[in-house]
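Peer 1: In my numbering, the protein residues as written are 389 to 498.
#1: Buried or exposed, going by whether 16 or more other CB atoms sit within 10 Å of the CB of residue 483?
#2: Taking only runs of the beta strand (DSSP E) that begin and end inside the stretch 430 to 469, which ones reach a length of at least 3 residues, in chain order?
#3: Where does residue 421 land, buried or exposed, given buried means 16+ other C-beta within 10 angstroms?
#4: Taking the straight line between their C-alpha atoms, what separation do you get for residue 446 and residue 477?
#5: Give the secondary structure of residue 422 by DSSP, where H, G and I count as helix, E and B as strand, and everything else as coil.
#6: Could you tell me the distance, in whole angstroms, from the CA atom of residue 429 to the CA atom of residue 436?
#7: Between residue 471 and residue 407, is the Cβ-Cβ spacing less than 8 Å?
#8: Taking 7 Å as the cut-off, is the C-beta of residue 449 nearer than that to any heavy atom in the ligand NAP?
Here it is in structure tokens:
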């Protein structure tokens, strides 16, 4: 893997552009979901899955890292907070809060 500061900045710029497009789309139609539906579509689920590493919803605490200022670097915590406060980030959080059923399923201990 070619991980260095320049690649990291380019990736962040691309992520920012995607979030801005999603923010604009949500603002244009004032909907809860990407396609102005009253229910999530595959696009909403895909966005939530792909944006997980930028949002760290509490329903997935610990899969990568927990959204916590005591664990994350200050810079990372501030960036994640910025993404969470945007319309796109709020959509991702809502998708995990309202539509992720895995954590509601109890494991079979039999």
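Backbone N, C-alpha and C fix where the C-beta goes; we use that ideal spot for every residue, glycine too.
Peer 2: Concretely, from the data shown:
#1: Using a 10 angstroms sphere on the CB of residue 483, the tally of other CB atoms reaches 16 or more, which defines it as buried.
#2: Entirely contained in the stretch 430 to 469, not one beta strand (DSSP E) run reaches 3 residues.
#3: Residue 421 is buried by the Cβ-count criterion.
#4: If you take the alpha carbons of residue 446 and residue 477, they lie about 13 Å apart.
#5: Residue 422 carries a coil assignment under DSSP once its states are collapsed to helix, strand and coil.
#6: Each residue's Cα considered, the two are about 11 Å apart.
#7: Cβ distance < 8 Å, so residue 471 and residue 407 count as in contact.
#8: Absent from the structure shown: the ligand NAP. Ligands present: none.
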